[in-house]
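Below: one structure, written as structure tokens.
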Amino acid sequence: MSTSTSRPRRALVTGASSGIGAATVRRLRAEGWQVVATARRADRLAALAQETGADTFVADVTDGADVERLAAYVAADGPLDALVNNAGGAFGLDSVEKADLDHWRRMYELNVLGTLRVTQAVLPQLRADGGGDVVVVTSTAAYGPYEGGAGYTGAKAAERMLATTLRWEIVGEPIRVLEIAPGAVATDEFALVRFDGDEARAAAVYDGYQPLVAEDIADAIAWTLSRPPHVNIDLLVVRPRAQASNTKTARTGV
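Each position in the sequence shown, counted from 1, maps to that position plus 703 in our numbering.
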């Protein structure tokens with residue numbers, strides 16, 4: 704949101720080693736942004752840095768000490784204009800009755816507390832640098848239940864409330880809080896991770912229709928960040944044309 708024309712805008716993108724995060728790094732770099740890409744996997748970050756010229760920092764957003772080091776690294780290297788909270792994920796598709804508590808715990812740690820940790824750590828820098836943007840990538844799962852999804856929908860709904868409440872709490876400051884809620888996005892890892900590496904089960908999620916791809920959401924993120932400073936995109940829901948809701952998708956083979 705910075706109006707400065709004397710330097711490139713600078714963003715921190717979490718969950719940048721694959722999927723939407725990596726696509727967002729590529730898109731912002733293509734638009735002239737300076738980008739700090741962070742994730743847990745050093746090898747993937749190194750490849751992304753070589754490809755895009757992005758700066759990288761290896762960190763786990765569920766680790767408080769890692770997040771502190773990340774924030775210090777970002778602050779030491781210049782002003783920050785945007786934080787893209789993208790790190791997240793789903794684990795399992797169990798009923799409430801048979802839910803795996805460890806799966807639920809991991810989803811809340813990653814999607815909710817990870818977003819909270821990084822946002823808390825970076826907000827002071829956004830303020831000090833004259834304002835900026837906090838993007839939170841939630842999901843349409845935050846807006847409606849589906850069978851087997853209570854852990855993930857609950858975590859994403861909590862992340863949505865984090866973003867909405869933060870917007871209310873800092874209104875009047877030159878900081879925008881922007882929420883992007885994707886529907887079905889076929890990335891290289893989301894469904895595969897959810898189903899513990901079961902390739903057939905992961906592929907079946909996207910059978911019979913054209914899902915979104917990571918670049919579609921990167922496009923949405925870049926668009927929200929490019930709006931004039933007085934324009935706040937509170938919520939942008941992005942679904943495939945074939946997906947009317949979390950539980951209704953037209954699997955016509957088109």
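Idealized CB from N, CA, C, for every residue including glycine.
All values reported here derive from a predicted model rather than from experimental measurement.
Alpha carbon of residue i to alpha carbon of residue j, nearest angstrom
i: residue 793; j: residue 721; result: 15 Å
i: residue 804; j: residue 897; result: 15 Å
i: residue 797; j: residue 881; result: 31 Å
i: residue 965; j: residue 766; result: The question about residue 965 has no answer here: the residues shown for the chain are numbered 704 through 957.
i: residue 744; j: residue 955; result: 37 Å
i: residue 820; j: residue 841; result: 16 Å
i: residue 905; j: residue 915; result: 15 Å
i: residue 873; j: residue 921; result: 26 Å
i: residue 768; j: residue 778; result: 16 Å
i: residue 732; j: residue 715; result: 12 Å
i: residue 738; j: residue 833; result: 18 Å
i: residue 771; j: residue 824; result: 7 Å
i: residue 729; j: residue 747; result: 13 Å
i: residue 903; j: residue 911; result: 14 Å
Local Cβ density within 10 Å of residue i, reported as buried at 16 or more and exposed below that
i: residue 736; result: buried
i: residue 862; result: buried
i: residue 859; result: buried
i: residue 972; result: Beyond the ends of the chain as shown, which are 704 and 957, falls residue 972; an answer cannot be given.
i: residue 810; result: buried
i: residue 706; result: Only weak support exists for where residue 706 lies, its pLDDT of 46 falling under 50; the value from the coordinates is given anyway. Label assigned to residue 706: exposed.
i: residue 866; result: buried
i: residue 727; result: buried
i: residue 645; result: The requested residue 645 is not part of the displayed model; the chain covers only 704 to 957.
i: residue 836; result: buried
i: residue 817; result: buried
i: residue 799; result: exposed
Identity of the residue in the options nearest residue i by Cα
i: residue 709; options: 774, 760, 782; result: 782
i: residue 936; options: 892, 947, 878, 724; result: 878
i: residue 857; options: 768, 872, 844, 867; result: 844
i: residue 822; options: 717, 746, 749; result: 717
i: residue 773; options: 799, 742, 913; result: 742
i: residue 827; options: 775, 795, 852; result: 775
i: residue 725; options: 816, 755, 734, 876; result: 755
Legend entry - Touch test, the region 750-761 against the region 919-926, Cβ-Cβ under 8 Å, three pairs minimum: no
Inset, instruction - Examine the Cβ distances between the region 882-901 and the region 932-945 and report whether three or more of them are shorter than 8 Å. - result: yes
Inset, instruction - Go through the region 860-885 residue by residue and report every complete run of the alpha helix (DSSP H) that reaches 4 residues or more, in order. - result: none
Inset, instruction - Identify every run of the alpha helix (DSSP H) within the region 732-788, keeping only runs that are complete inside it and at least 4 residues long; order them along the chain. - result: 745-755, 767-779
Legend entry - Sequence ranges, beta strand (DSSP E) only - wholly within the region 776-849, length at least 3: 785-788, 835-840
Legend entry - beta strand (DSSP E) runs wholly inside the region 875-954, at least 3 long, in chain order: 878-885, 938-941, 946-948
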